[in-house]
Every structure is written in C-alpha cells, then in structure tokens.
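Engineer: The following block contains the structure, expressed as structure tokens.
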Amino acid sequence: MRARVLSCLFSLLPAFSLLGGLLLAPHVSAGDEKKGGPPKPVTITAQRMEANRKLHQVTYLDNVIVKKEDLTIYAPRIVITFDEKMEEIERINAEGGVRVVDPEKTATAEKATYLNDQDVLVLTGNPRVWQGDNVITGAKITVFRAEDRAVVEGDDKQRVTTVYYQRGEEEEPKKGPLPEKPGGGGKGR
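Each position in the sequence shown, counted from 1, maps to that position plus 110 in my numbering.
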C-alpha cells in the first residue's frame, strides 16, 4: 500500500516540476546585486529598435532574441517598459508567437508578459510548457517565480491539460526537441 501511494506521488512530480522551475524574461535589477554579484548582462538582438523616452519604452522588432545566462526568449516583437529614469525594467511584453527556452523547459504562447517587481510571468494565447515529452496547456499560465509556483487556468474554449509520461526507475528524463514557433502552421506537437 505504501509503495503504491509513493508510486502515485512520484508519478505526479513531472506535472509539478514542469512549471516550477520555469524561468523567464530578463531583468536587470537590484535583485541581481543582492545575489552576491554585479547585475547579469542581458543581450537583445533584433532587426530594428525604437526608443520612446516619453513612454519609457524600448521596442524591438523582427526576429528578436533576448539572452540572459542560460535563458533565451524568441519573439517577433518585444516591448520593454522602464521606470521614469529609464534605469530599471518594469515590464517586458513579448508578442506575435513567443518561445522561451531554458536548459530543461520550453514554453510557447502568442503573448508573454513579465512583471519585474513581482517576478511574475503570464503566458496567454495557447500557452504550452514542455519538459521533455511532458506538456501542460491551458488558456493562461501564470508563473510566480519567487514563490516557485504556477497557476494554469482554463476557459470555455480550452481546459487545463497535462500530459506526462511516467518513466522507469532507471530512466533519465528526456530532453525533447524544441517545439516549432507558435503560429508556424503546426498544431503544436
């Protein structure tokens, strides 16, 4: 009986870990300095950039790639909103088919919003998070990074769905292939 309960609990771990460690968007803030070192650099590449100091925004367009440490974000358009002094990132909005990749997970959505001061990521527009072959979907996925928790919400059109594959005791988790970009003509995996 005890072995059966433990087996059941361990079989649910992939679903919980799928969202728990999801990292997102770059942010350069005092939080990086509190971790014992200088702020980590964020590299953003794009075909075009537009800055608007009145709106405290910088917009990156066409094939945008954001890299911070081992995290990469891909999107056709990313708008970064800064504080009044244009020194601290307040919010990052990515849209048009977003893909977020870290060493163990991949997330896709039509839109992603990262709130720097709250350390919260919100994925909308057919959001999906993969870890190996395991995937979770819903209408909206909110990741509370500082709290190591996530909330996946459904709606009238899309229920929350988790597909996970149990692995044998000796099997290592698979690092599956990266999914295609959203809106690329496919229906996901």
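Using N, Cα and C, we set each Cβ at its ideal position, and we do this for glycine too. Quantities reported herein were computed from a predicted structural model and do not represent experimental measurements.
Rounding to the nearest angstrom, what Cα-Cα distance links K267 and I190 in this structure?
Structural biologist: Cα-Cα distance, rounded: 30 Å.
Engineer: Distance check for V210 and V174, CA to CA, integer angstroms please.
Structural biologist: Rounded to the nearest angstrom, the two C-alpha atoms are 12 Å apart.
Engineer: When you compare only the Cα positions, how much space is there between V168 and T153?
Structural biologist: In a straight line, the C-alpha of V168 is about 14 Å away from that of T153.
Engineer: Considering P186, what are the terminal residues of the beta strand (DSSP E) in which it resides?
Structural biologist: 181-192 is the span of the beta strand (DSSP E), which, as asked, contains P186.
Engineer: For K178, tell me which candidate among N244, T155, R277 has the shortest Cα-Cα distance.
Structural biologist: When only C-alpha atoms are compared, the closest one is T155.
Engineer: Tell me which same chain residues have a C-beta within less than 6 Å of the C-beta of E205, skipping the five on either side of it?
Structural biologist: Around E205: R187, K221.
Engineer: Cα separation between P151 and L181?
Structural biologist: Straight-line Cα distance between these residues: approximately 12 Å.
Engineer: Using the rule of at least 16 other Cβ atoms within 10 Å of the residue's Cβ for burial, across every protein chain shown, is A256 buried or exposed?
Structural biologist: Exposed is the call here.
Engineer: According to DSSP, what are the bridge partners of K250?
Structural biologist: In DSSP, K250 forms a bridge with T234, E263.
Engineer: Identify which residue in I199, W240, T234 has its Cα closest to the Cα of D212.
Structural biologist: Minimum Cα distance to D212 is reached at W240.
Engineer: Short of 7 Å in beta carbon distance, which residues of its chain neighbour G235, apart from the five on each side in sequence? Order them along the chain.
Structural biologist: Cβ neighbours of G235 beyond the five flanking positions: A219, E220, K221.
Engineer: Considering Cα atoms alone, identify which of D258, Q228, D265, R269 is closest to I246.
Structural biologist: Among D258, Q228, D265, R269, the Cα nearest to that of I246 is on R269.
Engineer: Out of T252, D243, I251, G264, which one is the CA nearest neighbour of R277?
Structural biologist: The shortest Cα separation from R277 among T252, D243, I251, G264 belongs to D243.
Engineer: With a Cβ-Cβ cutoff of 8 Å, do V253 and V273 count as a contact?
Structural biologist: No, the Cβ-Cβ distance between V253 and V273 is not below 8 Å.
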